[in-house]
Amino acid sequence: MEAASISTPPAHHEHHGPPEANKSSSVDAQTLGMLLFIISEIMVFGGFFTAYFFIRVVNGNPWPAEGEELPKIIAGFNTAVLLSSSLTMHWALEAAKHNNRKALKAGMLATLLLGSTFLVVQINEYVHLGFAPYDSAQASIFYGLTGLHGAHVFIGLTLLLFATIRAFRGHFSAEEHRGIEVPGIYWHFVDVMWVIVYASVYLL
Amino acid sequence: MPAQLKAPGWYRAGAFILLGLAFCTGLVTLIRSLYGYTPLIDGEAITIVSMIGVPLFFLVGLGAFDYWFYWASGKDTRPEDHASHGAHSWRDYFKVNTDHKVIGIQYVCTTFFFMFIGGLMAMMVRAELAAPGSQFVDGQDYNSLFSVHASLLIFLFIVPVFAGLANYVLPLMIGAPDMAFPRLNALSFWMLPIAGTLMSISFLMPGGAFASGWTAYAPLSTTQPLGQMCFTIGVQFAGASSIATALNFLVTIITMRAPGMSFWRMPLLVWANFATSLLVVVATPFIAASQFFVLLDRSLGFHFFDATIGAGREGNVIMYQHVFWFYSHPAVYIMMLPGFGIVSEILSVKSRKPIFGYRMMAFSLLAIVLLGFTVWAHHMFVSGMQSWIRVPMMITTAIIAVPTGIKIFSWLGTMWKGVLHLDTPMLFCLGFLTMFTLGGISGVMLAMVPFDIHVSDTYFIVAHIHYVLFGGSLFTIFAGVYYWFPKMTGRMYSQRLGKIHFWATFIFFNATFAPMHVIGIQGMPRRVADYAEQFAGWNMAISVASFLLGLSTLLFLYNMVNSWRNGPEAGSNPYRALTLEWQVSSPPPIFNFDEIPTVVGGPYEYGVPGAQHAILGGRKPEPVAVGAVASAVSDADTETEES
Amino acid sequence: MKNPRDVTRTDVVRMLAVGILASAVGIAIGLSIDWFPTAAATQAGPIDTFYDVLIIISVPVFVLVTTVVLFSVIKFRMRAGEEELDGPPTHGNTRLEVIWTAIPSIMVSILCVYGASVLSEIDAAKADQLQVTAYAQQFAWSFEYTGPNGKKFIANELYVPCAPSGAATGEGAACNGTQVKFDIKAVDVIHSFWIPSMRMKQDAVPGITTHTKVNPNRIGTYSVVCAELCGIGHGIMRSTVHVVTPARYAAWFAAKSAAKTA
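Chains as they are written, first to last, in our numbering: chain V, 1 to 204; chain U, 205 to 847; chain B, 848 to 1109.
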């Protein structure tokens, strides 16, 4: 993956480019950037979890609210789908590291498929829930938290789509596979966050 | 298709704005028809979705995402031709440019533009408050004035101007050719005029501009007309800009320092922006969350803050304040820590002495970052939250005075026995030291719950915040702009005009805000368009002083514009400073350095015989005359710490 | 040749003298300014005294910083011929740094203990209380009293009884009031119930009932002010509290509870 920042000035380059920056850390810039971004994403979820805490614990409201039921089984199935997608993502990365182009493509496609399945199931769940966000504060935060997470699944799938397109166009190798690894880290974050959301919203 | 519409730029951006409007209108109408809502065309819903969507289309049209689209589609990598790097004419400043120096200037100019607008609103506020009763505006318009004033000055001035100054200086200071992510840097900048425009156009909305303060407490903010959404959505763009910049700063500082620049050889400006960026990354998402809730409650009927829906299903009103202040308290440190860095740079150079207690200065920055997350509820002592929270928050708030005090005293120690060059940047730093101390003192007073109960939401608070934000942050911003003006423009500003600007500002600033302490304790609440007769005299005096304060900023504006165009040429290092930005030309070459320098010592070794901060391209830097030590070396307190 | 940059004993004495004098003057001014509105409740005493202590501590801190800045500017400024001169290479002084970390830490600790004790003093509940519900709405206050037989009535202004402690019974007379416990409710948005003369303030929050207590101790008429932005009429959302003799209060109370509810 071409570095998004400084390009190395090739010896034959007639146009005077920038000097190559010194690497003052063994941590790769793109990976560090993604990790820091994930920290800010965790904090967004933190804000929504705070709302959840106030509506459920501080207010003492029943959970779920009267007349609202949460489909734990379907959501549990969805959890399995998402966890599997992390496995396929990991498989794809390992394939890239070993120059296994077929497995890389298969892994990326599988991850996309599983991730999309998650979204479809979730949207279907919304349609059939039987309550709307404006029915209660509990409903509001339920849709808020799961919706926030769904939006992040969408972002993750978009990043993975780019990586998949590039994989099919022949990019990535054992030496240079940050373009798979970095979106993969984001995808794993989305997965872990789902487990937390699922546990605290559906199970607790 | 005409070439102008295919190439990134303003023509294409304009076309995309229209496209975005059409898309958002279509999207809203489609969804409404699917749900069976009537009427099908809902102006308010379209406006709200457009406020989110059209700016994104604008950014695409302008070219902020061009490279990423190309990369995402997997086409072959193009060699970088640096076409969008560096400024060769004034037009480049109005484009998507990846040069941190260009972006820095774009930031400074844009933020000062909004500073003048926000300042103008302050003048209108003071005009209305000069006498009791209603003279120029009614209650709702008045509420809009101070709300937009504060929002513009906080989100469109103080927070981003520091980001802009650091954007310019930081890569130079650490010996890097640019930031880690130059395209993200450009995107960060362009989100800012979007945020400012959104907030400013709120005046055109039916029902007027947003009017629930920059704090936008629910349920007032969730029951307001459309203008409130301009704040709600504008803040999201400003927040995204801020977070992206912070990510960039952190990765740049961690991964791109010149060889030999350990963390303990970094200038304190770098430390300060490192600390600030940590705050931004962790805290800013909370204001995003709070505004998501307001948007959902107000526009989609959610019940996060609804206490009236009925028992067993109601939301929590105070929750807004907890989420909001969890960001907004660290925000005040985001608005001050970079200023601390600027003061360290200027004081050291202008006193010709190392920073006193460099390590503790760095540690105190980190301490403020950590402690800053533990004090938010001191904004909520009378909010009706659980009463047990008050005393712990009083304690944590009081504790923050300690690392802050360490910094003030260390700056005094830096000046002590130095050779003081009392030019404009130095004067603003000295003004900062005294005025920020006053603001900090009123802050410790406010930490004390019994006193805060009486003065919360009064003019005492207004006094405190302006002492720390104006006497604190703004003074350091002026200091930094004057200080780096020659580096950024290659020209020197008028020193005489600068000093007049300082004195006018200092005097009228105090005349404006000092009396507010008194009327606040006396019983005048804040955010009021009208007040009891007993406060009339003081308010008139304050208003007159504030008009003079406003006028004094014109001196600054004139000096900057005139000097940029006609000022005498400044050399690369007019201050004989040691840090790296002064070792290259003014303005610096397009890629900063021909060769990455090697750092061999600390950045503040003034007075240390033979000391060097860095070696550039194999040759020694311009000799910074290490003059005779100012006083006899037998001083008992000369203790050289290993840097 | 005496170096004008040398810090002599005279300089130190001068600085100390200026500092002490400025602090004394500053404290005198600070204590003599009439900061607070007329005190009308026992809560005011500890708070006003606390503020005096804060002034006494704060003035020397500010004077210290300003004196050092001014002294440095006068003594250490660059003079003609010193353009190339640098200062001494002082990097720090551990003892000094420990001192200026320890002393502020001790000072804020003491303030916190003092503050906590003032807080519990002003929060203290008395056995005998007059309970009033304060309703906040856009843009007016109304106060609900419980009449005889549990019947409630609404008043637009507050009346509280206060038994004069001496012979004087007119405006300004000292008195011993029943503790008034306010249950504060908001009808629409957040407001804030503040009686400046009694120093007590508490937000009115939709969905919950908040509380505050005052012990009136001075006959007179005082403002009630809304202290949280609540909309277009926030600036005019005021009311009045009348601290009156028990006899006067009883008369008002009887009239109000007998009157037909509006």
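Glycine residues also receive a C-beta, built at the ideal position from the N, C-alpha and C atoms. As the structure is a prediction and not an experimental result, all values here were calculated from the model.
- For the region 128 to 142 of chain V, the set of positions with a beta-carbon nearer than 8 Å to some beta-carbon of chain U reads PRO133, TYR134, ASP135, SER136, ALA137, GLN138, ALA139, SER140 and ILE141 in chain order.
- For SER1039/B, the chain U residues whose Cβ falls inside 7 Å of its Cβ are VAL586 and ASP661, in order along the chain.
- The three-state secondary structure of HIS705/U, taken from DSSP, is helix.
- Leaving aside the five residues that flank GLY290/U on each side, the residues in its chain whose CB is nearer than 6 Å to its CB run, in chain order, ASP303 and ILE794.
- Neighbours of GLN1049/B in chain U, taken as residues whose beta carbon is under 7 Å from its own, are VAL586 and GLY588 in chain order.
- Excluding residues up to 5 positions away in sequence, ASN78 lie with their Cβ nearer than 6 Å to the Cβ of VAL121/V in the same chain.
- When the Cα atoms are used, LEU93/V and VAL153/V turn out to be separated by approximately 19 Å.
- Listed in chain order, the positions of the region 50 to 75 of chain V with a beta carbon within less than 8 Å of a beta carbon of chain U are THR50, ALA51, PHE54, ILE55, VAL58, ASN59, ASN61, PRO62, ALA65 and GLU66.
- Residue-level contact by beta carbon holds for ASN940/B and chain U, with a gap shorter than 9 Å.
- The Cβ of HIS286/U sits no closer than 9 Å to any Cβ of chain B.
- PHE585/U places its beta carbon less than 9 Å from that of SER660/U.
- Note: GLN339/U is not bridge-paired with any residue in the DSSP secondary-structure output.
- At a cut-off of 9 Å, the C-beta of VAL623/U has a neighbouring C-beta in chain B.
- The residues ILE362, MET539, MET540 and GLY543, in chain order, have a CB closer than 7 Å to that of SER677/U in the same chain once the five nearest residues on each side in sequence are set aside.
- According to DSSP, ARG1046/B shares a beta bridge with no other residue.
- At a cut-off of 9 Å between beta carbons, ILE800/U contacts chain V.
- Annotation: ILE1001/B to PHE986/B spans about 16 Å, alpha carbon to alpha carbon.
- Taking a C-beta cut-off of 9 Å against chain V, the contacting residues of the region 377 to 390 of chain U are ILE378, GLY379, ALA380, PRO381, ASP382, MET383, ALA384, PHE385, PRO386, ARG387 and LEU388, listed in chain order.
- The beta carbon of ARG730/U sits closer than 7 Å to those of ASP661, THR662, TYR663, ILE665 and VAL666, all from its chain and outside the five residues before and after it, given in chain order.
- By the criterion of a C-beta distance shorter than 8 Å, SER254/U is surrounded in its chain by GLY224, LEU225, CYS228 and THR229, once the five residues flanking it on both sides are discounted.
- Here the region 450 to 466 of chain U makes contact with the region 381 to 388 of chain U; the two share three or more CB pairs at distances below 8 Å.
- Residues of chain U with a Cβ closer than 7 Å to the Cβ of ARG169/V are, in chain order, GLY278.
- In this structure, PRO1008/B and TYR1096/B form a Cβ contact; the two beta carbons are roughly 4 Å apart against a cut-off of 8 Å.
- Between TRP394/U and ALA268/U a beta carbon distance of about 5 Å is seen, short of the 8 Å cut, so the two are scored as contacting.
- For the pair GLY322/U and ARG166/V, the CB atoms are not nearer than the 9 Å cut-off.
- Here the alpha carbons of GLY60/V and VAL606/U stand approximately 39 Å from one another.
- In this structure ALA891/B is not in contact with PRO1063/B, their Cβ atoms being roughly 10 Å apart against a cut-off of 8 Å.
- Note that the C-beta distance between ARG852/B and LYS621/U is below 9 Å.
- Flagged as an interface residue toward chain V: HIS507/U, by a C-beta distance shorter than 9 Å.
- For the set ARG695/U, HIS533/U and SER348/U, the Cα lying nearest the Cα of PRO410/U is the one of SER348/U.
- In the three-state reduction of the DSSP assignment, GLU773/U falls in the strand class.
- Taking a beta-carbon distance threshold of 9 Å, ALA963/B counts as an interface residue toward chain U.
- Shown here, THR937/B sits in coil according to DSSP, grouped into three states, outside any helix or strand.
- Spanning the alpha carbons of SER870/B and GLU991/B requires a straight line of approximately 49 Å.
- Note: GLN428/U is not bridge-paired with any residue in the DSSP secondary-structure output.
- Assignment of beta-bridge partners to GLY1067/B by DSSP yields VAL1090/B.
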